[in-house]
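This report concerns only the one structure given below.
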Amino acid sequence: RKVVTVGKPIQLELFTESCRDNPESQVNFIEHVQAFISVRASRRGDLVMFLTSPMNTTSMILGARPRDSDSRRGFTKWPFMTTHMWAESPRGTWRLTVGLDPQKKRSVRRPDPALGHAVLTEWILMIHGTQKSPYTALPDTASKLVPKLGIVKRQHLSDRFSS
Numbered sequence: 001r002k003v004v005t006v007g008k009p010i011q012l013e014l015f016t017e018s019c020r021d022n023p024e025s026q027v028n029f030i031e032h033v034q035a036f037i038s039v040r041a042s043r044r045g046d047l048v049m050f051l052t053s054p055m056n057t058t059s060m061i062l063g064a065r066p067r068d069s070d071s072r073r074g075f076t077k078w079p080f081m082t083t084h085m086w087a088e089s090p091r092g093t094w095r096l097t098v099g100l101d102p103q104k105k106r107s108v109r110r111p112d113p114a115l116g117h118a119v120l121t122e123w124i125l126m127i128h129g130t131q132k133s134p135y136t137a138l139p140d141t142a143s144k145l146v147p148k149l150g151i152v153k154r155q156h157l158s159d160r161f162s163s
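Read the sequence shown against my numbering and you will find it ends at 163, with the numbers running on by one and no gaps.
Right, here's the structure in full:
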């Protein structure tokens with residue numbers, strides 16, 4: 001249970017080997033990632049969340065929503081998904097950053113004294129991917145056309161990912 005207040009985001013870390021010891025289910029190259037999150041906020045539309053991979057790619061998985069004024073339901077085991085880490089290695093420390101971004105467009109006619117806090121109660125990371133490289137059949141020129149692909153390919157070929 002972690003509490004978030006305006007101006008004080010929280011950061012949670014999770015280390016994974018991505019089933020490295022199980023040849024049948026190991027993931028070596030990410031296709032997409034889901035973060036199942038349970039969080040309640042005084043105003044759900046003020047929540048913002050970012051997921052950062054072990055290769056330091058950051059993806060906004062939830063942006064502020066000015067018209068979402070829910071203060072009761074929150075999100076319960078809600079699957080937030082990103083493909084921004086495509087082809088990266090999943091092994092290492094993942095970071096989830098949760099903050100509040102109060103919207104200036106909110107109505108001032110009905111001020112709410114409880115605005116400005118959230119409670120995160122659960123975070124589960126599910127990594128979907130493959131064992132084999134998605135770029136082995138591509139010519140070297142392909143990584144020049146798709147910059148992300150070149151960056152990831154170089155990282156995988158470096159000593160950082162050697163077994």
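Just so it is clear, CB atoms sit at the ideal spot from N, CA and C, and this is done for glycine as well.
Beta-carbon separation (whole angstroms), residue i vs residue j, contact threshold 8 Å
i: G129; j: I37; result: Not a contact, Cβ separation roughly 20 Å.
i: P134; j: S89; result: Contact flag wrong, Cβ pair sits at about 12 Å.
i: E24; j: R95; result: Not quite, the Cβ-Cβ distance comes to about 28 Å (not below 8 Å), so this is no contact.
Residues bridged to residue i (per DSSP)
i: A41; result: A118
i: Q184; result: Within the shown structure, residues of the chain are numbered from 1 to 163, placing residue 184 beyond reach of any answer.
i: W94; result: L14
i: G74; result: Beta-bridge pairing links G74 to no other residue.
Bounding residues of the beta strand (DSSP E) (the contiguous stretch that carries residue i)
i: Q26; result: No beta strand (DSSP E) holds Q26; DSSP gives it neither H nor E.
i: S59; result: 58-62
i: E13; result: 10-16
i: M55; result: Here M55 belongs to no beta strand (DSSP E), and DSSP marks it neither H nor E.
i: V4; result: 2-5
Neighbourhood of residue i by C-beta, 6 Å cutoff - its chain only, sequence neighbours within 5 removed
i: T97; result: P9, Q11, F50
i: T57; result: H84, M85
i: K2; result: I10, L120
i: I124; result: F36
i: E122; result: S38
i: W78; result: I37
Chain D contact for residue i (CB, 8 Å cutoff)
i: L12; result: Absent here is chain D; the protein component of the structure consists of one chain.
Residues near residue i by beta carbon distance below 7 Å, same chain, minus five either side
i: S69; result: R43, G45
i: Q26; result: S18, C19, R20, Q131
i: D101; result: D46, V48, A64
i: G7; result: none
i: T76; result: S38
i: G74; result: V39, R40, A41, R44
i: H32; result: M81, T82, T83, H128
Residues near residue i in its chain [Cβ-Cβ closer than 8 Å; skip 5 each side]
i: E17; result: R91
i: D159; result: Caution is warranted here: a pLDDT of 47 is assigned to D159, below 50, making its placement in the model unreliable, and the coordinate value is therefore given only provisionally. Hits under 8 Å: none found.
i: I61; result: A35, M49, F50, L51, F80, M81, T82
i: F15; result: G92, T93, W94
i: R67; result: G45
Selection from the options that minimises the alpha carbon distance to residue i
i: S167; options: L120, K77, L47, M85; result: This structure cannot speak to residue 167, because the chain is shown only from 1 to 163.
i: V4; options: R40, W94, A87, K77; result: R40
i: R72; options: A118, G99, N56, H32; result: A118
i: G99; options: T93, G116, A87, T83; result: G116
i: T93; options: G74, E24, I127, N22; result: I127
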